[in-house]
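Below is one structure; the comments refer to it alone.
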Amino acid sequence: MSKKEKELEQEVTETEEISAEETAPETDPKDEEIAKLKDQLMRNMAEYDNYRKRTAKERTELTPEITARVAGEFLPVLDNLERALAAETSDEKYKEGVKLIHDSFMATLDKLGVEKVQTEDFDPAVHQAVQQVESDLESGKIVSVFQNGYKIGTKILRFAMVTVAQ
1 MSKKEKELEQ EVTETEEISA EETAPETDPK DEEIAKLKDQ LMRNMAEYDN YRKRTAKERT
61 ELTPEITARV AGEFLPVLDN LERALAAETS DEKYKEGVKL IHDSFMATLD KLGVEKVQTE
121 DFDPAVHQAV QQVESDLESG KIVSVFQNGY KIGTKILRFA MVTVAQ
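Note that the working numbering gives residue 113 to position 113 of the sequence shown, counting from 1, and the numbers run on in steps of one.
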């Protein structure tokens with residue numbers, strides 16, 4: 001190779017290096033930091049959105065369970081109100097007051113979706129037979145109820161305790 005060819009080749013190489021430097025993107029540390037912070041922000045936003053959705057789902061799943069648990073705790077109070085209504089008393093105003101409290105309590109339970117278990121035919125899914133007796137009724141019919149049962153939707157809060165005809 002001649003000296004002139006070497007100079008020409010060196011000149012071409014230098015030109016290529018200069019153009020490569022010009023086309024290479026300049027990476028500013030601030031731009032990198034901004035991109036990193038944007039990525040972190042997007043990840044945090046997505047994580048928060050997932051958290052919000054998860055807690056909303058858990059809340060909707062737990063609400064019926066909590067309602068059932070709280071309503072179940074008040075059933076003994078309802079039993080006592082019913083016993084007070086059944087008791088003989090000479091004071092009619094007292095009995096009327098207890099009746100008003102009972103009705104108010106039942107209205108509140110009704111708002112929560114609590115309903116009394118039907119007590120006509122024995123159903124082991126909702127009744128607890130505590131006694132079997134001879135009766136004029138056909139077999140499997142409920143003769144008497146010792147304690148009312150209650151449910152919310154299909155969830156049984158308390159089984160009805162009943163006497164069943166044989």
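Even for Gly, the Cβ is constructed at its ideal location relative to N, Cα and C.
Rounded distance between the beta-carbons of residue j and residue i, thought under 8 Å
| i | j | result |
| --- | --- | --- |
| Ile-152 | Asp-121 | Ile-152 to Asp-121, Cβ: 21 Å. No contact. |
| Leu-75 | Arg-158 | 6 Å |
| Asn-148 | Lys-116 | 6 Å |
| Val-145 | Thr-108 | Not quite, the Cβ-Cβ distance comes to about 22 Å (not below 8 Å), so this is no contact. |
C-beta atoms of residue i and residue j nearer than 8 Å
| i | j | result |
| --- | --- | --- |
| Gln-131 | Gln-166 | no |
| Val-114 | Ala-84 | no |
| Leu-112 | Thr-60 | no |
Assigned exposure category for residue i - 16 Cβ within 10 Å defines buried
| i | result |
| --- | --- |
| Tyr-150 | buried |
| Ala-160 | buried |
| Ala-46 | exposed |
Spatial distance of residue i from residue j (CA atoms)
| i | j | result |
| --- | --- | --- |
| Gln-10 | Ala-35 | 39 Å |
| Gln-40 | His-127 | 58 Å |
| Arg-52 | Ser-104 | 37 Å |
| Leu-81 | Thr-163 | 22 Å |
| Ala-24 | Glu-32 | Because Ala-24 sits at a pLDDT of 48, beneath the cut-off of 50, its placement in the model cannot be relied upon, and the following sentence gives the value as read from the coordinates. Using only the alpha carbons, I get a separation of about 16 Å. |
| Glu-73 | Thr-89 | 28 Å |
| Tyr-48 | Met-106 | 42 Å |
| Ala-125 | Asp-110 | 22 Å |
| Ile-101 | Arg-69 | 22 Å |
| Lys-155 | Thr-55 | 23 Å |
| Met-42 | Asp-28 | 21 Å |
| Tyr-2 | Lys-30 | Here residue 2 turns out to be Ser, not Tyr, going by the sequence shown. Their Cα atoms are separated by approximately 48 Å. |
| Thr-63 | Asp-79 | 25 Å |
| Ala-129 | Gly-140 | 10 Å |
Identity of the residues DSSP links to residue i by a beta bridge
| i | result |
| --- | --- |
| His-127 | Ala-160 |
| Lys-214 | Any property of residue 214 remains undetermined from this structure, which presents the chain solely from 1 to 166. |
| Ile-66 | According to DSSP, Ile-66 bridges with nothing at all. |
| Val-114 | Ile-152 |
| Gln-40 | For Gln-40, which the question treats as bridged, DSSP gives no partner whatsoever. |
| Ala-35 | Ala-35 pairs with nothing; no bridge assigned. |
| Ala-56 | In the DSSP output, where bridge partners are listed per residue, Ala-56 has none listed. |
| Gln-132 | Val-164 |
| Gln-147 | Met-161 |
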